[in-house]
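K.L.:
Residue numbers (the numbering used here): 68 to 375.
Ideal Cβ positions, reconstructed from N, Cα and C, are used throughout, including at glycine.
Keep in mind that this is a model prediction, so the values were computed, not measured.
Take a look at the structure:
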(Lines of atoms letter the chains of each structure in order from A and count residues from 1; the text may use other names and numbers.)
(Lines give C-alpha, C1' and ligand atoms only; values in the text may rest on other atoms or scores of the structure.)
Protein backbone atom coordinates (compact mmCIF):
# COMPACT_ATOMS: atom_id res chain seq x y z
CA UNK A 1 0.00 0.00 0.00
CA UNK A 2 2.84 2.32 0.92
CA UNK A 3 4.67 1.49 -2.30
CA UNK A 4 1.58 2.19 -4.44
CA UNK A 5 1.10 5.55 -2.73
CA UNK A 6 4.74 6.44 -3.25
CA UNK A 7 4.45 5.53 -6.92
CA UNK A 8 1.34 7.70 -7.31
CA UNK A 9 3.02 10.60 -5.58
CA UNK A 10 6.14 10.16 -7.75
CA UNK A 11 3.99 10.07 -10.88
CA UNK A 12 2.14 13.20 -9.77
CA UNK A 13 5.42 15.00 -9.15
CA UNK A 14 6.66 14.03 -12.59
CA UNK A 15 3.50 15.39 -14.21
CA UNK A 16 3.82 18.66 -12.32
CA UNK A 17 7.49 18.86 -13.22
CA UNK A 18 6.72 18.31 -16.91
CA UNK A 19 4.08 21.04 -16.82
CA UNK A 20 6.51 23.39 -15.13
CA UNK A 21 9.24 22.59 -17.66
CA UNK A 22 6.92 23.43 -20.55
CA UNK A 23 6.58 26.95 -19.10
CA UNK A 24 10.25 27.35 -18.19
CA UNK A 25 12.49 29.69 -20.16
CA UNK A 26 16.28 29.63 -19.72
CA UNK A 27 18.35 32.78 -20.21
CA UNK A 28 22.06 33.49 -19.94
CA UNK A 29 23.24 35.36 -16.87
CA UNK A 30 24.40 38.27 -19.02
CA UNK A 31 20.73 38.97 -19.77
CA UNK A 32 19.78 39.48 -16.12
CA UNK A 33 19.68 43.28 -16.35
CA UNK A 34 17.72 43.16 -19.59
CA UNK A 35 15.20 40.79 -18.04
CA UNK A 36 14.80 42.97 -14.96
CA UNK A 37 14.21 46.07 -17.07
CA UNK A 38 11.85 44.16 -19.31
CA UNK A 39 9.75 42.92 -16.37
CA UNK A 40 9.69 46.40 -14.83
CA UNK A 41 8.21 48.05 -17.92
CA UNK A 42 5.93 45.10 -18.61
CA UNK A 43 4.43 45.51 -15.14
CA UNK A 44 3.87 49.20 -15.84
CA UNK A 45 2.01 48.37 -19.04
CA UNK A 46 -0.14 45.74 -17.34
CA UNK A 47 -1.06 48.12 -14.54
CA UNK A 48 -2.75 50.31 -17.16
CA UNK A 49 -5.10 47.59 -18.42
CA UNK A 50 -7.98 48.60 -16.16
CA UNK A 51 -7.54 52.37 -15.91
CA UNK A 52 -8.98 55.29 -17.84
CA UNK A 53 -6.27 56.94 -19.88
CA UNK A 54 -5.29 60.53 -19.26
CA UNK A 55 -2.13 62.37 -20.29
CA UNK A 56 -0.10 60.84 -17.44
CA UNK A 57 -1.12 57.27 -18.25
CA UNK A 58 -0.47 57.86 -21.95
CA UNK A 59 3.07 59.02 -21.23
CA UNK A 60 3.72 55.96 -19.05
CA UNK A 61 2.38 53.57 -21.69
CA UNK A 62 4.28 55.11 -24.60
CA UNK A 63 7.52 55.10 -22.61
CA UNK A 64 6.89 51.51 -21.50
CA UNK A 65 6.22 50.23 -25.03
CA UNK A 66 9.26 52.06 -26.36
CA UNK A 67 11.50 50.56 -23.68
CA UNK A 68 10.13 47.07 -24.35
CA UNK A 69 10.85 47.37 -28.07
CA UNK A 70 14.39 48.61 -27.43
CA UNK A 71 15.16 45.83 -24.98
CA UNK A 72 17.37 43.06 -26.38
CA UNK A 73 14.95 40.47 -25.02
CA UNK A 74 12.34 41.65 -27.52
CA UNK A 75 14.19 40.46 -30.64
CA UNK A 76 16.55 37.86 -29.17
CA UNK A 77 13.78 35.87 -27.45
CA UNK A 78 10.56 36.20 -29.48
CA UNK A 79 9.10 33.04 -27.95
CA UNK A 80 9.36 34.57 -24.49
CA UNK A 81 7.39 37.58 -25.69
CA UNK A 82 4.60 35.30 -26.85
CA UNK A 83 4.64 33.15 -23.70
CA UNK A 84 4.30 36.26 -21.56
CA UNK A 85 1.34 37.32 -23.75
CA UNK A 86 2.71 40.82 -24.12
CA UNK A 87 0.88 41.21 -27.43
CA UNK A 88 -2.40 40.32 -25.73
CA UNK A 89 -1.87 43.08 -23.17
CA UNK A 90 -1.15 45.65 -25.87
CA UNK A 91 -4.15 44.50 -27.93
CA UNK A 92 -6.38 44.79 -24.86
CA UNK A 93 -5.21 48.35 -24.28
CA UNK A 94 -5.82 49.32 -27.91
CA UNK A 95 -9.26 47.69 -27.92
CA UNK A 96 -10.22 49.52 -24.72
CA UNK A 97 -9.05 52.84 -26.15
CA UNK A 98 -10.92 52.43 -29.44
CA UNK A 99 -14.07 51.17 -27.75
CA UNK A 100 -14.07 54.05 -25.26
CA UNK A 101 -13.53 56.63 -28.01
CA UNK A 102 -16.27 55.16 -30.17
CA UNK A 103 -18.70 55.08 -27.25
CA UNK A 104 -17.93 58.67 -26.26
CA UNK A 105 -18.27 59.90 -29.84
CA UNK A 106 -21.63 58.19 -30.29
CA UNK A 107 -22.86 59.61 -26.98
CA UNK A 108 -21.89 63.16 -27.92
CA UNK A 109 -23.51 62.82 -31.35
CA UNK A 110 -26.69 61.55 -29.72
CA UNK A 111 -26.79 64.54 -27.35
CA UNK A 112 -26.15 66.98 -30.19
CA UNK A 113 -28.97 65.44 -32.21
CA UNK A 114 -31.30 65.62 -29.24
CA UNK A 115 -30.30 69.22 -28.52
CA UNK A 116 -31.11 70.27 -32.09
CA UNK A 117 -34.66 69.01 -31.66
CA UNK A 118 -35.28 70.92 -28.42
CA UNK A 119 -36.30 74.52 -27.87
CA UNK A 120 -34.22 76.94 -25.85
CA UNK A 121 -36.54 76.54 -22.88
CA UNK A 122 -36.26 72.78 -22.93
CA UNK A 123 -32.49 73.02 -23.14
CA UNK A 124 -32.43 75.15 -20.03
CA UNK A 125 -34.86 72.81 -18.32
CA UNK A 126 -32.77 69.68 -18.82
CA UNK A 127 -29.53 71.65 -18.39
CA UNK A 128 -27.89 70.18 -21.47
CA UNK A 129 -25.84 73.30 -22.02
CA UNK A 130 -23.96 72.74 -18.78
CA UNK A 131 -23.05 69.14 -19.71
CA UNK A 132 -19.60 68.99 -21.24
CA UNK A 133 -18.13 65.88 -22.83
CA UNK A 134 -14.55 65.47 -23.86
CA UNK A 135 -13.88 63.26 -26.88
CA UNK A 136 -10.35 62.01 -26.33
CA UNK A 137 -8.05 61.75 -29.32
CA UNK A 138 -6.81 58.19 -29.29
CA UNK A 139 -4.50 58.52 -32.30
CA UNK A 140 -1.20 58.72 -30.40
CA UNK A 141 -2.05 55.71 -28.25
CA UNK A 142 -3.17 53.68 -31.26
CA UNK A 143 0.06 54.59 -33.08
CA UNK A 144 2.19 53.45 -30.12
CA UNK A 145 0.32 50.15 -29.80
CA UNK A 146 0.31 49.49 -33.56
CA UNK A 147 4.03 50.16 -33.88
CA UNK A 148 4.75 47.70 -31.07
CA UNK A 149 2.52 45.00 -32.59
CA UNK A 150 4.10 45.42 -36.04
CA UNK A 151 7.54 44.82 -34.54
CA UNK A 152 6.13 41.88 -32.60
CA UNK A 153 4.91 40.26 -35.82
CA UNK A 154 8.34 40.60 -37.42
CA UNK A 155 10.15 38.72 -34.66
CA UNK A 156 8.94 35.22 -35.61
CA UNK A 157 6.33 33.26 -37.55
CA UNK A 158 4.79 31.96 -34.34
CA UNK A 159 4.28 35.53 -33.17
CA UNK A 160 2.67 36.30 -36.51
CA UNK A 161 0.26 33.44 -35.91
CA UNK A 162 -0.56 34.76 -32.44
CA UNK A 163 -1.50 38.16 -33.89
CA UNK A 164 -3.39 36.62 -36.81
CA UNK A 165 -6.14 35.69 -34.35
CA UNK A 166 -6.95 39.41 -33.99
CA UNK A 167 -7.16 40.06 -37.74
CA UNK A 168 -10.92 40.64 -37.75
CA UNK A 169 -10.75 43.39 -35.11
CA UNK A 170 -7.79 45.03 -36.85
CA UNK A 171 -9.66 45.14 -40.16
CA UNK A 172 -12.74 46.60 -38.46
CA UNK A 173 -10.54 49.56 -37.49
CA UNK A 174 -8.39 49.55 -40.64
CA UNK A 175 -9.51 53.00 -41.82
CA UNK A 176 -8.03 54.76 -38.82
CA UNK A 177 -5.18 57.22 -39.48
CA UNK A 178 -4.64 56.19 -43.11
CA UNK A 179 -5.03 59.81 -44.19
CA UNK A 180 -1.67 60.55 -42.54
CA UNK A 181 1.07 59.00 -44.74
CA UNK A 182 3.74 59.80 -42.14
CA UNK A 183 2.25 57.09 -39.90
CA UNK A 184 2.87 54.27 -42.36
CA UNK A 185 3.83 51.19 -40.35
CA UNK A 186 2.06 52.44 -37.21
CA UNK A 187 -1.67 52.00 -37.84
CA UNK A 188 -4.08 49.05 -37.40
CA UNK A 189 -4.01 48.20 -41.14
CA UNK A 190 -0.22 47.77 -40.94
CA UNK A 191 -0.61 45.37 -38.02
CA UNK A 192 -3.24 43.46 -40.00
CA UNK A 193 -1.01 42.68 -42.99
CA UNK A 194 2.07 42.21 -40.79
CA UNK A 195 0.24 39.31 -39.13
CA UNK A 196 0.42 37.21 -42.33
CA UNK A 197 2.97 38.91 -44.62
CA UNK A 198 5.41 36.46 -46.25
CA UNK A 199 3.72 33.56 -44.44
CA UNK A 200 2.12 31.09 -46.86
CA UNK A 201 0.29 29.15 -44.17
CA UNK A 202 -1.44 32.20 -42.73
CA UNK A 203 -2.07 33.79 -46.13
CA UNK A 204 -4.00 30.70 -47.19
CA UNK A 205 -6.06 30.97 -43.99
CA UNK A 206 -7.47 34.38 -44.99
CA UNK A 207 -11.26 34.34 -45.23
CA UNK A 208 -13.40 35.95 -47.89
CA UNK A 209 -15.35 38.06 -45.39
CA UNK A 210 -12.08 39.52 -44.11
CA UNK A 211 -10.83 40.53 -47.55
CA UNK A 212 -14.30 41.81 -48.42
CA UNK A 213 -13.93 44.45 -45.68
CA UNK A 214 -10.86 45.79 -47.46
CA UNK A 215 -12.69 45.71 -50.80
CA UNK A 216 -15.48 47.81 -49.27
CA UNK A 217 -12.97 50.36 -47.98
CA UNK A 218 -11.28 50.46 -51.40
CA UNK A 219 -14.59 50.99 -53.17
CA UNK A 220 -15.21 54.11 -51.09
CA UNK A 221 -11.97 55.59 -52.43
CA UNK A 222 -13.46 55.42 -55.92
CA UNK A 223 -16.58 57.32 -54.91
CA UNK A 224 -14.98 60.51 -53.59
CA UNK A 225 -11.65 62.32 -54.05
CA UNK A 226 -9.24 63.29 -51.31
CA UNK A 227 -10.24 66.77 -50.12
CA UNK A 228 -6.86 67.44 -48.49
CA UNK A 229 -4.96 66.84 -51.74
CA UNK A 230 -7.35 69.08 -53.66
CA UNK A 231 -6.89 71.83 -51.06
CA UNK A 232 -3.11 71.60 -51.59
CA UNK A 233 -3.45 72.14 -55.34
CA UNK A 234 -3.47 68.59 -56.65
CA UNK A 235 -5.99 67.88 -59.44
CA UNK A 236 -9.13 65.87 -58.80
CA UNK A 237 -8.54 62.31 -60.02
CA UNK A 238 -11.96 61.13 -58.90
CA UNK A 239 -10.19 58.72 -56.56
CA UNK A 240 -8.52 58.90 -53.16
CA UNK A 241 -4.92 57.78 -53.81
CA UNK A 242 -3.76 58.19 -50.20
CA UNK A 243 -6.02 55.60 -48.60
CA UNK A 244 -6.56 53.67 -51.84
CA UNK A 245 -2.87 52.89 -52.15
CA UNK A 246 -2.83 51.40 -48.66
CA UNK A 247 -5.75 49.08 -49.39
CA UNK A 248 -4.18 47.97 -52.67
CA UNK A 249 -0.96 47.24 -50.77
CA UNK A 250 -2.93 45.07 -48.35
CA UNK A 251 -4.45 43.06 -51.21
CA UNK A 252 -0.99 42.77 -52.78
CA UNK A 253 0.39 41.25 -49.59
CA UNK A 254 -2.50 38.76 -49.65
CA UNK A 255 -1.65 37.62 -53.17
CA UNK A 256 2.14 37.99 -53.38
CA UNK A 257 3.90 35.83 -50.76
CA UNK A 258 7.65 35.21 -50.71
CA UNK A 259 8.05 36.23 -54.34
CA UNK A 260 5.29 33.93 -55.57
CA UNK A 261 1.63 34.42 -56.34
CA UNK A 262 -0.90 32.55 -54.18
CA UNK A 263 -3.46 31.44 -56.76
CA UNK A 264 -6.31 30.91 -54.28
CA UNK A 265 -5.99 34.43 -52.89
CA UNK A 266 -5.48 35.95 -56.34
CA UNK A 267 -8.75 34.45 -57.58
CA UNK A 268 -10.53 35.64 -54.44
CA UNK A 269 -9.26 39.21 -54.79
CA UNK A 270 -10.26 39.33 -58.46
CA UNK A 271 -13.79 38.16 -57.59
CA UNK A 272 -14.10 40.82 -54.90
CA UNK A 273 -12.93 43.57 -57.27
CA UNK A 274 -15.36 42.43 -59.96
CA UNK A 275 -18.23 42.60 -57.48
CA UNK A 276 -17.28 46.18 -56.61
CA UNK A 277 -16.19 47.91 -59.84
CA UNK A 278 -15.91 51.24 -58.03
CA UNK A 279 -12.68 49.89 -56.54
CA UNK A 280 -11.01 50.49 -59.90
CA UNK A 281 -13.18 53.40 -60.98
CA UNK A 282 -10.21 55.36 -62.32
CA UNK A 283 -9.21 52.53 -64.62
CA UNK A 284 -12.73 52.20 -66.00
CA UNK A 285 -13.00 55.83 -67.07
CA UNK A 286 -12.41 57.05 -70.62
CA UNK A 287 -11.90 54.36 -73.24
CA UNK A 288 -10.69 51.71 -70.83
CA UNK A 289 -6.94 52.29 -71.07
CA UNK A 290 -6.43 50.31 -67.88
CA UNK A 291 -5.27 50.92 -64.34
CA UNK A 292 -1.60 51.22 -65.28
CA UNK A 293 -2.40 54.08 -67.65
CA UNK A 294 -4.39 55.79 -64.91
CA UNK A 295 -1.43 55.51 -62.54
CA UNK A 296 0.91 57.07 -65.13
CA UNK A 297 -1.46 59.99 -65.63
CA UNK A 298 -1.67 60.44 -61.87
CA UNK A 299 2.11 60.48 -61.54
CA UNK A 300 2.38 63.08 -64.30
CA UNK A 301 -0.09 65.29 -62.41
CA UNK A 302 1.96 65.08 -59.24
CA UNK A 303 5.43 65.59 -60.77
CA UNK A 304 5.24 69.38 -61.31
CA UNK A 305 4.06 69.92 -57.75
CA UNK A 306 6.85 67.73 -56.36
CA UNK A 307 9.46 69.65 -58.38
CA UNK A 308 8.15 72.97 -57.10
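1) Going by CA-CA distance only, name the one from 135, 161 and 79 that's closest to residue 118.
2) Note the first and the last residue of the continuous alpha helix (DSSP H) segment covering residue 314.
3) When we look at the beta-carbon of residue 253 and count the other beta-carbons within 10 Å, is it buried (16 or more) or exposed?
4) Quick one: what's got a C-beta closer than 8 Å to residue 342's C-beta in the same chain, skipping five residues either side?
5) To which residues of the same chain is residue 104 closer than 8 Å at the C-beta, ignoring the five residues directly before and after it?
6) Between residue 295 and residue 241, is the Cβ-Cβ spacing less than 8 Å?
7) Could you check which residue in 108, 154 and 307 has the C-alpha nearest to that of residue 218?
8) Is residue 321 closer than 8 Å to residue 262 when the C-beta atoms are compared?
9) Quick one: what's residue 327 bridged to in DSSP?
10) State the DSSP-derived secondary structure class of residue 274, mapped to helix, strand or coil.
11) Taking the alpha-carbon positions, what's the residue 222 to residue 136 distance?
12) What is the rounded straight-line gap between the Cα of residue 98 and the Cα of residue 140?
13) Near residue 234, what residues of its chain come up, given a Cβ to Cβ distance below 7 Å and the 5 sequence neighbours on each side ignored?
14) Does residue 257 come out as helix, strand or coil in the three-state DSSP assignment?
15) How many angstroms separate the CA atom of residue 303 from the CA atom of residue 164?
16) Taking residue 159 as the reference, which of 88, 264 and 236 has the closest Cα?
17) Determine the burial state of residue 367: buried for a count of at least 16 other Cβ atoms within 10 Å of its Cβ, exposed for fewer.
18) What are the boundary residues of the alpha helix (DSSP H) that includes residue 102?
19) For residue 275, count neighbouring C-beta atoms within 10 Å of its own C-beta (all shown protein chains included) and say buried if the count is 16 or more, exposed if not.
20) Where does residue 116 land, buried or exposed, given buried means 16+ other C-beta within 10 angstroms?
P.N.:
To lay it out plainly:
1) Within the chain shown, the letter at position 51 stands for residue 118. Checking every option, the nearest Cα to that of residue 118 belongs to 161.
2) Locating residue 314 in the chain shown gives position 247, counting from the first residue. 308–322 is the extent of the alpha helix (DSSP H) around residue 314.
3) The residue you call residue 253 lines up with position 186 of the chain shown. Looking at its Cβ environment, which holds 16 or more other Cβ atoms inside 10 Å, residue 253 is buried.
4) One-based indexing of the chain shown puts residue 342 at position 275. Within the same chain, residue 342 has close Cβ partners 282.
5) Along the chain shown, one-based indexing puts residue 104 at 37. Closer than 8 Å at the Cβ level, and outside the excluded window around residue 104, lie 134 and 138.
6) Stepping through the chain shown from its first residue, residue 295 is reached at position 228. Stepping through the chain shown from its first residue, residue 241 is reached at position 174. Contact flag unset, no.
7) The residue you call residue 218 lines up with position 151 of the chain shown. Answer by Cα proximity: 154.
8) Here the question's residue 262 lines up with position 195 in the chain shown. Here the question's residue 321 lines up with position 254 in the chain shown. It is not a contact, given that the beta carbons lie outside the stated cut-off.
9) If you number the chain shown from 1, residue 327 lands on position 260. Answer by DSSP bridge pairing, in chain order: 324.
10) One-based indexing of the chain shown puts residue 274 at position 207. Residue 274: coil per DSSP, three-state reduction.
11) For the purposes of this step, residue 222 is taken as residue 155 along the chain shown, with counting starting at 1. For the purposes of this step, residue 136 is taken as residue 69 along the chain shown, with counting starting at 1. Going by the C-alpha atoms only, they are around 11 Å apart.
12) On the chain shown, residue 98 is found 31 positions in, with the first residue counted as 1. On the chain shown, residue 140 is found 73 positions in, with the first residue counted as 1. Using only the alpha carbons, I get a separation of about 8 Å.
13) Taking the chain shown and counting its residues from 1, one reaches residue 234 at position 167. The residues are 259, 262 and 277.
14) For this step, residue 257 is matched to residue 190 along the chain shown. If DSSP states are grouped into helix, strand and coil, residue 257 belongs with the helices.
15) Mapped onto the chain shown, residue 303 falls at position 236. Mapped onto the chain shown, residue 164 falls at position 97. In this model, residue 303 and residue 164 are separated by some 35 Å (Cα to Cα).
16) To locate residue 159, count along the chain shown from 1; it is residue 92. Here the closest residue by C-alpha is 236.
17) In the chain shown, counting from the first residue as 1, residue 367 sits at position 300. Exposed, since its Cβ has fewer than 16 Cβ neighbours within 10 Å.
18) The count along the chain shown starts at 1 and reaches residue 102 at position 35. Its alpha helix (DSSP H) spans residues 99–113.
19) For the purposes of this step, residue 275 is taken as the residue at position 208 of the chain shown. So residue 275 counts as exposed.
20) Position 49 of the chain shown, counted from the start, is the residue given in the question as residue 116. In this structure residue 116 is exposed. Its beta-carbon is surrounded by fewer than 16 other beta-carbon atoms within 10 angstroms.
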